[in-house]
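The structure appears right after this line, and notes come after that.
In the numbering used here, the protein residues as written are 596 to 902.
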């Protein structure tokens, strides 16, 4: 049977539109190239993943999606737009925009589970949904599936959408016709490199997490460097995306769960300083901001407001 007799991404577009997926594509499953795995290993060996120990685990699984779902033949990649064009006042707490709505893990997993059910009902086979926490190179597979390409800041850039996207993967044992890989590349403006406040982005398209303000305010559990200037950032950092020309005309998300919560937007530095565990749990229920915990949010806020 030739590839054009297999189901393809066009067969998924009606359900993708219903699920508000901004871009969808398919790649044939297989081991990732040694150049990709060796580059990742060198990054880990250089300790550029900081204290994110989970990134050094499951090396064999990362190399081949068959380790996640035996018999996988197709890697289906979906991108969900979360862009909300906001600009906080300078004296206001600064939040990464991805975290202002509901936790994307739950939202994306729910929608991809519906996509997986559709695939199984129509073509059979087994599926597995992967959202961020599974050890898989989502952005590599997104490029192979024709969904987008990697920017210098390691973010996936989806043509006509930008980089404010969440990526999810559905592995399937059904053979689909693959899309052509995305052959586009960064335009070489290096704006993300020049503007990165922690100078964390390299010309070769890698990130030193230990210098990244997103890592320091979300993943890092230690004391922040005394001279670190967070410029009001209490959770995450969007600078490299804000200056990226591919995001100049980024469309606003239509996914209700990703819209910013007013209760988060209204928080002041004083509110955060006085926040109790009970308030933290209530305000950030079903929010990605829970990841930093109240101790981390207090630490970040105190660092921003110290004299």
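Backbone N, C-alpha and C define an ideal beta-carbon position, used for all residues, glycine too.
So, is residue i buried or exposed, given that buried needs 16 or more other C-beta atoms within 10 angstroms?
i, result
"residue 596", "Per-residue confidence for residue 596 stands at a pLDDT of 46, beneath the threshold of 50, marking its modelled position as unreliable; the derived number appears in the next sentence. Looking at its Cβ environment, which holds fewer than 16 other Cβ atoms inside 10 Å, residue 596 is exposed."
"residue 744", "buried"
"residue 851", "exposed"
"residue 820", "exposed"
"residue 836", "buried"
"residue 681", "exposed"
"residue 733", "buried"
"residue 761", "buried"
"residue 665", "exposed"
"residue 640", "exposed"
"residue 600", "exposed"
"residue 658", "buried"
"residue 783", "exposed"
"residue 816", "exposed"
"residue 894", "buried"
"residue 604", "buried"
"residue 660", "buried"
With distance defined between alpha-carbon atoms, name the residue in the options nearest to residue i.
i, options, result
"residue 728", "757, 764 and 739", "764"
"residue 726", "864, 720, 600 and 672", "672"
"residue 683", "839, 826, 897 and 611", "826"
"residue 809", "692, 696 and 779", "692"
"residue 781", "842, 805 and 773", "842"
"residue 679", "612, 707 and 758", "758"
"residue 756", "840, 707 and 900", "840"
"residue 667", "738, 724 and 818", "724"
"residue 857", "838, 879 and 868", "879"
"residue 700", "869, 653 and 675", "675"
"residue 739", "754, 785 and 773", "773"
"residue 785", "818, 901 and 796", "796"
"residue 838", "787, 629 and 753", "787"
"residue 818", "754, 752, 891 and 804", "891"
Please return the same chain residues whose Cβ sits closer than 6 Å to the Cβ of residue i, not counting the five positions on each side in sequence.
i, result
"residue 606", "none"
"residue 889", "872 and 875"
"residue 611", "619"
"residue 854", "696"
"residue 706", "614"
"residue 790", "834 and 838"
For residue i, which residues in the same chain have their Cβ closer than 8 Å to its Cβ, ignoring the five residues on either side in sequence?
i, result
"residue 775", "741"
"residue 824", "792"
"residue 608", "619"
"residue 896", "688, 829, 864, 867 and 868"
"residue 708", "724"
"residue 638", "644 and 801"
Of all the CB atoms in chain B, is at least one closer than 8 Å to the CB of residue i?
i, result
"residue 694", "Chain labels in this structure do not include chain B; a single protein chain is all it has."
Quick check on DSSP: helix, strand or coil for residue i?
i, result
"residue 689", "strand"
"residue 740", "coil"
"residue 650", "helix"
"residue 839", "coil"
"residue 707", "helix"
"residue 912", "Examination of residue 912 is not possible in this model, given that the chain is present from 596 through 902 alone."
"residue 596", "In this prediction, residue 596 has a pLDDT of 46, which is less than 50 and means its spatial position is unreliable; nothing more can be read from the coordinates."
"residue 723", "strand"
"residue 770", "coil"
"residue 751", "strand"
"residue 655", "helix"
"residue 642", "coil"
"residue 761", "strand"
"residue 891", "helix"
"residue 756", "coil"
"residue 601", "coil"
"residue 677", "coil"
Beta-carbon within less than 7 Å of residue i's beta-carbon, same chain only, minus the 5 sequence neighbours each way: which residues are those?
i, result
"residue 669", "621, 623, 624, 767, 769, 770 and 771"
"residue 656", "662, 663 and 730"
"residue 735", "627 and 631"
"residue 718", "602 and 769"
"residue 886", "813"
"residue 698", "881, 882 and 883"
"residue 794", "806"
"residue 694", "830, 831, 882, 883 and 884"
"residue 703", "675, 726, 761 and 763"
"residue 653", "730"
"residue 753", "617, 618, 674, 742, 743 and 760"
"residue 715", "722"
Residue i: beta carbon under 7 Å from a heavy atom of the ligand MG?
i, result
"residue 868", "For the structure depicted, the ligand MG is absent and the ligand set is empty, with no information on it obtainable."
Next on the checklist: Contact between the segment 614-623 and the segment 637-652 is defined here as three or more beta-carbon pairs at a separation below 8 Å; is this criterion met?
Outcome noted: Touching, no.
Checklist entry - Would the segment 821-831 and the segment 845-855 be scored as touching if the rule is three or more Cβ pairs under 8 Å? => result No, the segment 821-831 does not touch the segment 845-855.
Next on the checklist: Contact between the segment 854-869 and the segment 677-691 is defined here as three or more beta-carbon pairs at a separation below 8 Å; is this criterion met?
Outcome noted: At 8 Å Cβ cutoff, the stretches touch.
Next on the checklist: I want to know whether the segment 783-800 touches the segment 743-757 - three or more CB-CB distances under 8 Å.
Outcome noted: Yes: the two stretches touch, three or more of their Cβ pairs being nearer than 8 Å.
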